[in-house]
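Enquirer: These protein sequences, in sequence, are chains A and B.
In my numbering, each residue's number is its place in the first sequence (first place is 1) plus 1.
In my numbering, each residue's number is its place in the second sequence (first place is 1) plus 3.
C-beta atoms are modelled at their ideal positions from N, C-alpha and C, and glycine is treated no differently.
Got a structure for you, questions after.
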Amino acid sequence: MKDIKFYKLVLFVNSLVPLALLGWDWWGGRVGASPLDFVTRTTGTLTLVFLVLTLAVSPVRKLTGHQWLVRLRRMLGLYAFFYGALHLLTYVWFDKAFDFSAIAQDVYRRWFITVGMLAFFLMVPLALTSTDKMIKRLGGKRWQKLHRLTYVSAAAGALHYYLLVKSDARKPLVFAAAVALLLGYRLFASYSKRLKAKPVSISQKAG
Amino acid sequence: MVIKKAPDIKSSEITDQRVYLNRRNFMRGAVLAASAAATGYAYRRLLAPDPVVATPEGKAAPGTQAAVKQWGLPGEEATTYQDITHYNNFYEFGTDKYSPARRAQELVTRPWTVAVEGLVNRPKVYDFDELQRLFAQEDRTYRFRCVEGWSMVIPWLGFPLAELLKLAEPQGNAAFVAFETANDRRGRKIPQTDALDWPYVEGLRLDEAMHPLTLLATGIYGEPLLPQNGAPIRLVVPWKYGFKSIKSVVRIRLVAQMPPTTWNLQASDEYGFFSNVNPEVPHPRWSQATERRIGEFSRRQTLPFNGYAEQVAQMYAGMDLKYYF
């Protein structure tokens, strides 16, 4: 699988398809009676989709042995950030008309806004440190540690969705389950790694 | 590694590099297009609003520009027929705004009966056609404010609930009115989801139910109600959040105690029995100070009692509306 440039292009184009269709539907008046709500909901869902895809890269790579997948991860993460930024913009612009005191009140008073803001702003340092230069500057280990914030952001994003529905939490729960599964896999992987390391210490004791 | 030259391939049989590259580019283009189409399909299945349901024949007229002015309130245009009939909360038929327009079409609205019972001298099960004969239908354009923060201006057709209640003669100890939506999975194919506990139930204090603004609506823009709007008959209480205006009513029961109501049972800290539109009392998860009028770009200020304070505020004189939200 050496054709990574082409795969990146495929991913890049496919990740823009939802945005293009959203624009097309908007232009054709097919976004329902409350277009702004529709855009907010759609960009929010897309953010979660890309966060889940980003988190899925490592487990899928380990399970299938397709090492090249990791080279698509940065783009997935940046798309999560991109759709998250659009989502935030629809809220700040259309919902609050750039009234920052009202936004501050919302963040202070409404749990789902607080959690949503947290989810987004945790992505900011990750987007800023996504370049090769920054990876080198930080050093692989530190960079990796920092980018574990993705876990928190994804969990907060799923919680944000769950907190805002009135009833019928099926869709939010699907995202929550996906995030839980992907984080659970990591816990399990690091636990079993430690287990593998253990027999050495036992044998040392026995010896 | 030594690669031997294969002598048995003639130079004429070797694919020309240009052809090879062309084929590769063609394959790449195909992969790109196919994957984009698949992504587009997945996106449409997961996220599209799916709002396109044809308006029944002969009912296209009410949505026109002239109509929204003609049917509107002073300074406020009526919401278009298209939006009123395609942006609905009707949880029995799905929890998003667009499913009811599609799925509620299975609701069988004839024959339909409405039972008026409980603490009344003349309990009776009315046939819907009889109700239409008994009471003169009138057009009433009201603001409609959803607890979620959006609103419409809807030209209802209907008659005051008070007229039906007077006919039933409430007894002295009747203090509340309980309403119930149809709940008949087989016959009427309602409800179709398990989003809430069915049947949907609502309630009013007797004086609220007797208020001249309170309607039993049978139509919109002069046309019979469509299933997604609560056909064939529904409650309209314009100064309360929309969920109080129960749809597809089959039972009206006069009672002495405050009856249970569906959203209050679901989340009592979020949805009170009274649920009067009140910009001062935020929902625990969002503000109620402003609303998005469907069809408009920026948000509007929400008015106390949805703009009907003059007519209804005296019913709540002396009550702490933050406590009785």
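Helix, strand or coil: how does DSSP classify B/Asp11 here?
Expert: Here residue 11 of chain B is taken as the residue at index 8 of the second sequence, counted from 1. Coil at B/Asp11, not helix or strand.
Enquirer: My output table needs one value for B/Val204: the three-state DSSP class, helix, strand or coil.
Expert: Residue numbering aside, residue 204 of chain B sits at position 201 when the second sequence is read from its first letter. Correct three-state label for B/Val204: strand.
Enquirer: Give a yes or no on whether 8 Å exceeds the smallest Cβ distance from A/Arg75 to chain B.
Expert: The sequence position of residue 75 of chain A within the first sequence is 74, counting from 1. With 8 Å as the cut-off, A/Arg75 does not count as an interface residue toward chain B.
Enquirer: By Cβ distance, which residues of its chain are closer than 8 Å to B/Gln174, with the 5 residues on each side in sequence left out?
Expert: Against the second sequence, residue 174 of chain B aligns to sequence position 171. Excluding positions up to five away in sequence, the list reads Leu122, Val123, Asn124 and Leu257.
Enquirer: Exposed or buried, what is B/Gly222 when buried is set at 16 or more other beta-carbons lying within 10 Å of its beta-carbon?
Expert: Walking along the second sequence from the start, residue 222 of chain B turns up at place 219. Buried: at least 16 other Cβ atoms inside 10 Å.
Enquirer: Where does the unbroken alpha helix (DSSP H) through A/Tyr109 begin, and where does it stop?
Expert: Numbered from its first residue, the first sequence carries residue 109 of chain A at position 108. Here the alpha helix (DSSP H) through A/Tyr109 covers Phe101 to Arg110.
Enquirer: Using only alpha-carbon positions, find the residue among B/Glu211, B/Ala185, B/Ala104 and B/His214 that is nearest to B/Tyr203.
Expert: As a working note, residue 203 of chain B is residue 200 in the second sequence. It is B/Ala185.
Enquirer: Measure the beta-carbon distance from A/Leu23 to A/Thr43 and round it to whole angstroms, keeping in mind my assumption that it falls under 8 Å.
Expert: Translated into the one-based positions of the first sequence, residue 23 of chain A becomes position 22. Translated into the one-based positions of the first sequence, residue 43 of chain A becomes position 42. A/Leu23 to A/Thr43, Cβ: 6 Å. Contact.
Enquirer: Under DSSP, the beta strand (DSSP E) around B/Trp153 begins and ends at which residues?
Expert: As a working mapping, residue 153 of chain B is identified with position 150 in the second sequence. Note, B/Trp153: beta strand (DSSP E), Trp153 to Pro163.
Enquirer: Do you know how far the Cα of B/Gln135 is from the Cα of B/Lys72?
Expert: Here the question's residue 72 of chain B lines up with position 69 in the second sequence. Here the question's residue 135 of chain B lines up with position 132 in the second sequence. Going by the C-alpha atoms only, they are around 27 Å apart.
Enquirer: Compile a chain-ordered list of the residues in the region 153 to 166 of chain A whose CB is closer than 9 Å to at least one CB of chain B.
Expert: Cβ contacts with chain B come from Leu164, Leu165 and Val166.
Enquirer: Extract the residue ranges of the beta strand (DSSP E) inside the region 104 to 159 of chain B, only unbroken runs of 3 or more that lie entirely within it.
Expert: Complete beta strand (DSSP E) runs here, min 3: 116 to 121, 127 to 130 and 141 to 148.
Enquirer: Within the same chain, show all residues whose beta-carbon is closer than 7 Å to that of A/Tyr217, passing over the 5 residues directly before and after it, in chain order.
Expert: A query on residue 217 of chain A cannot be resolved here, the shown segment of chain A reaching from 2 to 208 and no further.
Enquirer: Measure the C-alpha to C-alpha separation of B/Tyr23 and A/Asp4 and round it to an integer number of angstroms.
Expert: Translated into the one-based positions of the second sequence, residue 23 of chain B becomes position 20. Translated into the one-based positions of the first sequence, residue 4 of chain A becomes position 3. Cα to Cα, the separation comes out at about 16 Å.
Enquirer: Between the beta-carbon of B/Leu218 and the beta-carbon of B/Val239, is there less than 8 Å?
Expert: Indexing the second sequence from 1 puts residue 218 of chain B at position 215. Indexing the second sequence from 1 puts residue 239 of chain B at position 236. Closer than 8 Å, so yes.
Enquirer: Inspect the beta-carbon positions of A/Ala81 and A/Phe51 and report whether they are closer than 8 Å.
Expert: Your numbering for residue 81 of chain A matches position 80 in the first sequence. Your numbering for residue 51 of chain A matches position 50 in the first sequence. A contact, by the Cβ cut-off of 8 Å.
Enquirer: According to the Cβ coordinates, are A/Lys97 and A/Ala103 closer than 8 Å?
Expert: Here residue 97 of chain A is taken as the residue at index 96 of the first sequence, counted from 1. Here residue 103 of chain A is taken as the residue at index 102 of the first sequence, counted from 1. Result yes, Cβ atoms of A/Lys97 and A/Ala103 sit closer than 8 Å.
Enquirer: Please list, in chain order, all residues of the same chain as A/Leu10 whose beta carbon is under 7 Å from its beta carbon, the five residues on each side excluded.
Expert: Numbered from 1 along the first sequence, position 9 holds the residue referred to as residue 10 of chain A. Nothing listed; no residue qualifies.
Enquirer: Just verifying my parser: in three-state terms, what is the DSSP assignment at B/Gln195?
Expert: Translated into the one-based positions of the second sequence, residue 195 of chain B becomes position 192. Reduced to three states, the DSSP call for B/Gln195 is coil.
Enquirer: Counting only beta-carbon separations shorter than 8 Å, does B/Ala39 have a partner in chain A?
Expert: Counting from one through the second sequence, the residue named residue 39 of chain B turns up at place 36. So, interface residue.
Enquirer: Can you give the Cα-Cα distance for B/Arg21 and A/Arg75, rounded to whole angstroms?
Expert: The residue you call residue 21 of chain B lines up with position 18 of the second sequence. The residue you call residue 75 of chain A lines up with position 74 of the first sequence. When rounded, the distance between both Cα atoms is 34 Å.
Enquirer: Assuming A/Val58 and A/Leu70 form a contact by the criterion Cβ under 8 Å, report the distance between their Cβ atoms to the nearest whole angstrom.
Expert: To locate residue 58 of chain A, count along the first sequence from 1; it is residue 57. To locate residue 70 of chain A, count along the first sequence from 1; it is residue 69. Contact holds; Cβ gap of about 5 Å.
Enquirer: Return the chain-ordered list of same chain residues with a C-beta closer than 6 Å to the C-beta of B/Arg295, the five sequence neighbours on each side being excluded.
Expert: As a first step, residue 295 of chain B is located in the second sequence; it is residue number 292 there, counting from the start. So the qualifying residues of the chain are Trp153 and Arg302.
Enquirer: Hey, A/Arg111 and B/Trp266: beta-carbon distance below 8 Å or not?
Expert: Along the first sequence, read from residue 1 onward, the residue named residue 111 of chain A stands at position 110. Along the second sequence, read from residue 1 onward, the residue named residue 266 of chain B stands at position 263. Their beta carbons are not under 8 Å apart, which means A/Arg111 does not touch B/Trp266 by this criterion.
Enquirer: Closest to B/Val280 by C-alpha separation, out of B/Pro194, B/Asn309 and B/Asp132, would be which residue?
Expert: If you number the second sequence from 1, residue 280 of chain B lands on position 277. Cα-wise, what sits closest to B/Val280 is B/Asn309.
Enquirer: Under 8 Å between C-beta atoms, does A/Arg111 make it to chain B?
Expert: As a working mapping, residue 111 of chain A is identified with position 110 in the first sequence. True, the Cβ-Cβ gap to chain B drops below 8 Å.
Enquirer: Can you tell which of B/Arg237, B/Ala171, B/Tyr101 and B/Tyr145 has the C-alpha that lies nearest to the C-alpha of B/Gln85?
Expert: For the purposes of this step, residue 85 of chain B is taken as the residue at position 82 of the second sequence. Of the listed residues, the one whose Cα sits closest to B/Gln85 is B/Tyr101.
Enquirer: Around the Cβ of B/Glu183, are there at least 16 other Cβ atoms within 10 angstroms (buried) or fewer (exposed)?
Expert: What you label residue 183 of chain B is simply residue 180 of the second sequence in a count that begins at 1. It counts as buried.
Enquirer: To the nearest angstrom, how far is it from the Cα of B/Tyr224 to the Cα of B/Arg237?
Expert: By 1-based counting over the second sequence, the position of residue 224 of chain B is 221. By 1-based counting over the second sequence, the position of residue 237 of chain B is 234. Their Cα atoms are separated by approximately 15 Å.
Enquirer: Anything in chain A within Cβ reach of B/Gly43, meaning under 7 Å, just list it in chain order.
Expert: Position 40 of the second sequence, counted from the first residue, corresponds to residue 43 of chain B. Residues of chain A passing the Cβ test: Val18 and Leu22.
Enquirer: State the Cα-Cα distance for the pair B/Asp11 and B/Phe29, rounded to the nearest angstrom.
Expert: Taking the second sequence and counting its residues from 1, one reaches residue 11 of chain B at position 8. Taking the second sequence and counting its residues from 1, one reaches residue 29 of chain B at position 26. Cα-Cα distance, rounded: 29 Å.
Enquirer: Taking 8 Å as the cut-off, decide whether the C-beta atoms of A/Leu49 and A/Ser131 are in contact.
Expert: Walking along the first sequence from the start, residue 49 of chain A turns up at place 48. Walking along the first sequence from the start, residue 131 of chain A turns up at place 130. No, they are not a contact pair.
Enquirer: Is the CB of A/Asp169 under 8 Å away from at least one CB in chain B?
Expert: The residue you call residue 169 of chain A lines up with position 168 of the first sequence. At least one chain B Cβ lies under 8 Å of A/Asp169.
Enquirer: Quick one: which chain B residues come within Cβ less than 8 Å of A/Ser35?
Expert: For the purposes of this step, residue 35 of chain A is identified with residue 34 of the first sequence, where counting begins at 1. Per Cβ cutoff of 8 Å: Tyr90, Lys100, Trp153, Arg295 and Ile297.
Enquirer: Given the structure, does A/Ala155 come close to the ligand SAM, in the sense that its CB is under 7 Å from one of the ligand's heavy atoms?
Expert: No copy of the ligand SAM occurs in the structure displayed, which carries no ligand at all.
Enquirer: Residue range of the beta strand (DSSP E) that B/Ala220 falls in?
Expert: In the second sequence, the residue the question calls residue 220 of chain B occupies position 217. Element bounds for B/Ala220: Leu218 to Ile223.
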